[in-house]
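Numbering (this note's numbering), first residue to last: 33 to 217.
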């Protein structure tokens, strides 16, 4: 940004020095220099953005991979794992500055004649104590039990994140790679 300001000052100084001796054609020169100045500014911005495109492209690929892994993991669990009934034993609500009121639940699950208490932190509620809900369980490890009461929201979030990343990749390709290849030919 500092280099851009320095470039603009230098162009303005050159413009002033060229135009101070001749008053004839001053408007024409001023318009010409303004267009030349804008071309220089845009060229310098393109050069700077050109240097940043590879890191942003790599970041976008990493972000997309993480969203696909995390999102598909949650969606996979919801579709494949078994649903087992659970009972809400206790509920506490607390207020956060970012997301408002959140609810902390204690769920009692009965697996193989064992009663297991599972803690869950959910964003929406309130829930009634004694209410029956379903939790997801893989059938092997009791530490993997989780409660998700907003399945549609999770799927929508994952879908939107993937779509936004695909749009970002398209814009990156269209405005940077296509533009550079067009300028080379």
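Just so it is clear, CB atoms sit at the ideal spot from N, CA and C, and this is done for glycine as well.
* Asked: Rounded C-beta distance between residue 113 and residue 166? I'm assuming under 8 angstroms.
  -> So it is not a contact: roughly 11 angstroms between Cβ atoms.
* To do: State the CB to CB distance for the pair residue 262 and residue 119, rounded to an integer number of angstroms; the pair is presumed to be in contact (CB under 8 angstroms).
  => Here the chain covers residues 33 to 217 and nothing more, so residue 262 does not appear.
* Compute the Euclidean distance between the alpha carbons of residue 132 and residue 161, then round it to the nearest angstrom. => It is roughly 21 angstroms from the alpha-carbon of residue 132 to the alpha-carbon of residue 161.
* Asked: Between residue 138 and residue 127, is the Cβ-Cβ spacing less than 9 angstroms?
  -> no
* Asked: To the nearest angstrom, how far is it from the Cα of residue 96 to the Cα of residue 194?
  -> 6 angstroms
* To do: Out of 187, 144, 152, point me to the one whose CA is closest to residue 134's CA.
  => In terms of Cα proximity to residue 134, the closest of 187, 144, 152 is 152.
* Starting from the C-beta of residue 174, find all residues in its chain whose C-beta is less than 6 angstroms away, skip the five residues before and the five after it, and write them out in chain order. => If we look at residue 174 and ignore the five residues flanking it on each side, its Cβ neighbours are 148.
* Asked: Distance, Cα to Cα, residue 116 vs residue 146?
  -> 13 angstroms
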